[in-house]
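Protein chains in written order, with the working numbering: chain A, 2 to 395; chain B, 2 to 395. Backbone N, C-alpha and C define an ideal beta-carbon position, used for all residues, glycine too.
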């Protein structure tokens, strides 16, 4: 009775549910503290105290009608203004409130911009491994996801293949740096090359190609890694940002799109993004939390907590013989599976009560994703299991 | 450069923006207090104090990770449980948490259920006049909106035409009572007849037809009007509820779907609604406000404020010679335009600084919608203008 398109999703989602149920089953048998769940990207660091403080003072100080009412579909004007100024201050850009659209998280933002841009059959390019939802978001608007195979040496994008796969059907490119699942940060050199290729192809096909930068992990970087601000490198760039990880607020669904003045067809694009926000049923990003994040634009979670996790897990896994590119951002390790079939390898890990996600879920088999946004002590407890698992393959 | 489908929306939305700008222009010339904006359905009654209190105590008492983190795509289990019990208590139903999916307002809920149900070309029936967004929501999933012309005597639905227009392509029916824009509440008799017709047609075509009840105005009723709970009358009923009006929280985007056990294909439907919540980019309804509404399920705004507005505006307009069915719910009057062209009539009203929406926007020309969710004193100040406007047509 349900939609044909949704039927296939329902089948997949029951596989995921089965995995989740399996975790609960293991916890029952072995005790919760002896099951090591590295499968979810749910921030483990508490939201900064400033967020709670901001929410309470807004509730105490402001008129309820001003904090829970409808506003423009783009969000509160003053919130958007503050965000624009904060970006300008941090990155030397020149945005105004009119360039910002508040969104229901980055996922909401991506849906809004893809709905605004895509005609059926339009191609959207992304680089494997990639966040699996991109395929669904593009498919929502009958677009076609085209993937570029990775350079497994350092997981910087394979730019030769990128250049070859851009066609007259290419409408947009999604990049995600710091990357889920690899944790890799794209270098400025890489960004410059991507911009160069896109400029050339825009001319060649005489059309606009939009670069959509999905940036939920922008603030989670280590070793002083720099994450270039893409609007400065390529004109037709749209940024999708989220406060889910920077402030540990994933449940609140709050983020924004940046659509610069200089994007082709700017006026229509902004209008379309407003309308898409409305008709997709978001209507507007949740109101109270808009006001709260606007008071916390200089705040972020304690990244050092994730960094300690990263160092412990990375160095331990390497010493056991695993192969992995050391991530400079996000909270994931993308580790080479010790057998060809990543799903079988994830099953083998489960025998040690270790839950990890096969790389196939990110469009790149042969690897597994380990989310280290967990308690440090859980990582410690899990290490003997990771060692035994490696030893089994020796 | 933007999507073809969106281009037509952008054109329409610039008309609406022009209207909004016109309001601002008039306010500049005549002073804000001399412009009477009846165009928006933005609740004028303050949210109940209990909501602010609930939000603050949750923020003070609970772990931040538990109020801002990810949860199941359906929403917090305990929140859904409380909502199910509250519905059971009020309407004698028998729901569990598993029947409730928390949504980003009613608009989010309708998108989720339509995405779950529709194949391209599937027909969705609704009764004119109707909330204009239904057309867009159905079109998002390539469905076809089929409208039933109204019975203008009392704006109860025209059931003969309804019966005729159900076809083998009908997948769903959307009803909205109390109704936007008429304020009419469908009688139990009407609901029983609708159920009867749908049961007959389900048998005739040997397929499921889902009745989607869009209920943002359920709590806003006057004269002790009863709003039947539809799951009790027809098996394949899905409820879309919102707290936007009952608690004056439209900016917070919080509501829920009820999908009863007895709906055909229940398991798949629930799964599909979960997946749709995820892949449309909602991911989950905003988290903190989920917890807050769960503490305020027995609270509602002071409906008497709207009732006073209704009585004043309705009796005044009638005394000036306007024709209107007295609404029993919501906060709208649907008034017969004094000339055939409702758009011209709305223009004529603007000359008296009165802003109202042509019925064409609700799929029913010849009428205008007057939203009385405004200050009582603004209604008082507007009355001479309404009188002059009527006199012009005498």
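Quick one: measure Cβ to Cβ for residue 70 of chain A and residue 70 of chain B, integer angstroms, because I've assumed they're closer than 8 Å. Position 69 of the first chain holds residue 70 of chain A. Position 69 of the second chain holds residue 70 of chain B. The pair is not a contact, with the Cβ atoms about 26 Å apart (cut-off 8 Å).
Is the shortest distance between the beta-carbon of residue 376 of chain A and the beta-carbons of chain B less than 7 Å? On the first chain, position 375 is the one that residue 376 of chain A refers to. Residue 376 of chain A does not count as touching chain B.
So with Cβ pairs under 7 Å, would you call residue 338 of chain A a contact of chain B? In the first chain, counting from the first residue as 1, residue 338 of chain A sits at position 337. Judged by the 7 Å Cβ criterion, residue 338 of chain A is not in contact with chain B.
Residues of the stretch 277-292 of chain A whose Cβ lies closer than 9 Å to any Cβ of chain B, in chain order: Listed in sequence order: 277, 279, 280, 281, 282, 283, 284, 285, 286, 287, 288, 289, 290 and 291.
Closer than 7 Å, Cβ to Cβ, to anything on chain B: give me those residues from the stretch 51-75 of chain A, in chain order. Residues of the stretch 51-75 of chain A with a C-beta less than 7 Å from any C-beta of chain B: 53, 56, 57, 60, 65, 66, 69, 70, 71 and 72, listed in chain order.
Per DSSP, the bridge partner or partners of residue 337 of chain A: Here residue 337 of chain A corresponds to residue number 336 of the first chain, with the count starting at 1. A:368, per the DSSP bridge assignment.
Using a C-beta to C-beta distance shorter than 8 Å, which residues of chain E count as neighbours of residue 138 of chain B? Absence of chain E from the displayed structure is noted, the protein chains being A and B.
Can the beta-carbon of residue 35 of chain B be found less than 7 Å from the beta-carbon of residue 354 of chain B? Along the second chain, one-based indexing puts residue 35 of chain B at 34. Along the second chain, one-based indexing puts residue 354 of chain B at 353. A contact, by the Cβ cut-off of 7 Å.
Neighbour flag for residue 119 of chain B against chain A, beta carbons, 7 Å: By one-based count along the second chain, residue 119 of chain B stands at place 118. For residue 119 of chain B, the answer is yes, since a Cβ of chain A falls inside 7 Å of its Cβ.
Tell whether a beta-carbon distance below 7 Å holds between residue 343 of chain B and residue 361 of chain B. Counted from its first residue, the second chain places residue 343 of chain B at position 342. Counted from its first residue, the second chain places residue 361 of chain B at position 360. Against a cut-off of 7 Å, the Cβ pair of residue 361 of chain B and residue 343 of chain B comes out as a contact.
Residues in the stretch 104-115 of chain A having any Cβ partner in chain B nearer than 7 Å: 105, 106, 108, 109, 111 and 112
Which ranges does the alpha helix (DSSP H) cover as unbroken runs of at least 4 residues, wholly within the stretch 101-148 of chain B, from first to last along the chain? The stretch 101-148 of chain B contains these whole alpha helix (DSSP H) runs: 106-118 and 134-141.
Are the CB atoms of residue 216 of chain B and residue 242 of chain B nearer to each other than 7 Å? Start at 1 with the first residue of the second chain, and residue 216 of chain B comes out as number 215. Start at 1 with the first residue of the second chain, and residue 242 of chain B comes out as number 241. Contact: yes.
Within 7 Å (strictly less), CB to CB, does residue 300 of chain A reach chain B? Position 299 of the first chain, counted from the first residue, corresponds to residue 300 of chain A. Not an interface residue.
Does the stretch 94-103 of chain B come close enough to the stretch 116-130 of chain B to have 3 or more Cβ pairs within less than 8 Å? Under the 8 Å Cβ criterion, the stretch 94-103 of chain B does not count as touching the stretch 116-130 of chain B, having fewer than three qualifying pairs.
Taking a contact to mean a Cβ-Cβ separation below 7 Å, would you say residue 374 of chain A touches residue 332 of chain A in this structure? On the first chain, position 373 is the one that residue 374 of chain A refers to. On the first chain, position 331 is the one that residue 332 of chain A refers to. Yes.
What are the boundary residues of the beta strand (DSSP E) that includes residue 241 of chain A? Position 240 of the first chain, counting from 1, holds the residue named residue 241 of chain A. Element bounds for residue 241 of chain A: 238-243.
Would you report the Cα separation of residue 106 of chain B and residue 319 of chain A, rounded to the nearest angstrom? Indexing the second chain from 1 puts residue 106 of chain B at position 105. Indexing the first chain from 1 puts residue 319 of chain A at position 318. Whole-angstrom Cα-Cα distance: 48 Å.
Taking Cβ-Cβ distances shorter than 7 Å, what residues in chain A pair up with residue 47 of chain B? Your numbering for residue 47 of chain B matches position 46 in the second chain. Here the neighbours are 65 and 66.
Residue 32 of chain A burial status per 10 Å Cβ neighbour count (16 or more: buried): As a working mapping, residue 32 of chain A is identified with position 31 in the first chain. Classification of residue 32 of chain A: exposed, given that the 10 Å Cβ count is below 16.
Between the stretch 242-274 of chain A and chain B, which residues of the former have a C-beta closer than 7 Å to a C-beta of the latter? 249, 250, 251, 252, 253, 254, 265, 266, 269, 270, 272 and 273
Interface residues of chain A facing residue 3 of chain B [CB-CB closer than 7 Å]: For this step, residue 3 of chain B is matched to residue 2 along the second chain. Going along chain A in sequence order, the residues near residue 3 of chain B (Cβ under 7 Å) are 117, 118, 266, 269, 270 and 273.
Let me know the secondary structure DSSP gives residue 173 of chain A once reduced to three states. For the purposes of this step, residue 173 of chain A is identified with residue 172 of the first chain, where counting begins at 1. Strand at residue 173 of chain A.
Residues that residue 43 of chain A contacts on chain B, provided the C-beta gap is smaller than 8 Å: Here residue 43 of chain A refers to the residue found at position 42 of the first chain. By Cβ distance, chain B contributes 70 and 71.
Check whether the Cβ of residue 14 of chain B lies closer than 7 Å to any Cβ atom in chain A. For the purposes of this step, residue 14 of chain B is identified with residue 13 of the second chain, where counting begins at 1. Among the CB atoms of chain A, one or more fall inside 7 Å of the CB of residue 14 of chain B.
Which whole-angstrom value is the C-beta distance of residue 52 of chain A and residue 250 of chain A, which I expect to be below 8 Å? To locate residue 52 of chain A, count along the first chain from 1; it is residue 51. To locate residue 250 of chain A, count along the first chain from 1; it is residue 249. That pair is a contact at about 7 Å.
Rounded to whole angstroms, what is the Cα-Cα separation between residue 383 of chain A and residue 338 of chain A? Your numbering for residue 383 of chain A matches position 382 in the first chain. Your numbering for residue 338 of chain A matches position 337 in the first chain. Each residue's Cα considered, the two are about 17 Å apart.
By how many angstroms is the C-alpha of residue 185 of chain A removed from the C-alpha of residue 158 of chain A? Walking along the first chain from the start, residue 158 of chain A turns up at place 157. Walking along the first chain from the start, residue 185 of chain A turns up at place 184. Going from the Cα of residue 158 of chain A to the Cα of residue 185 of chain A covers about 10 Å.
Three-way DSSP call (helix, strand, coil) for residue 214 of chain A in this model: By 1-based counting over the first chain, the position of residue 214 of chain A is 213. In this structure, residue 214 of chain A counts as strand in the three-state DSSP scheme.
Is the separation between the beta-carbon of residue 335 of chain B and that of residue 182 of chain B shorter than 7 Å? Numbered from its first residue, the second chain carries residue 335 of chain B at position 334. Numbered from its first residue, the second chain carries residue 182 of chain B at position 181. Yes, they are a contact pair.
Delimiting residues of the beta strand (DSSP E) encompassing residue 256 of chain A: Position 255 of the first chain, counted from the first residue, corresponds to residue 256 of chain A. Here the beta strand (DSSP E) through residue 256 of chain A covers 256-259.
Go ahead and pull the three-state DSSP assignment for residue 1 of chain B. There is simply no residue 1 of chain B to check, as chain B begins at 2 and stops at 395 in what is shown.
Do residue 131 of chain B and residue 111 of chain B have their CB atoms nearer than 7 Å? Indexing the second chain from 1 puts residue 131 of chain B at position 130. Indexing the second chain from 1 puts residue 111 of chain B at position 110. No, the pair does not count as a contact, with Cβ atoms beyond the cut-off.
Which residues, in chain order, does the stretch 344-372 of chain B contribute to contact with chain A at a C-beta distance below 9 Å? Along the stretch 344-372 of chain B, there is no position whose C-beta sits under 9 Å from a C-beta of chain A.
Could you name the residues of the same chain whose beta carbon sits closer than 8 Å to that of residue 224 of chain A, not counting the 5 residues immediately before and after it, in chain order? If you number the first chain from 1, residue 224 of chain A lands on position 223. So the list reads 329, once near-sequence residues are dropped.
Under 7 Å between C-beta atoms of residue 269 of chain B and residue 75 of chain B: Walking along the second chain from the start, residue 269 of chain B turns up at place 268. Walking along the second chain from the start, residue 75 of chain B turns up at place 74. No; because the gap between Cβ atoms is not below 7 Å, this pair is not in contact.
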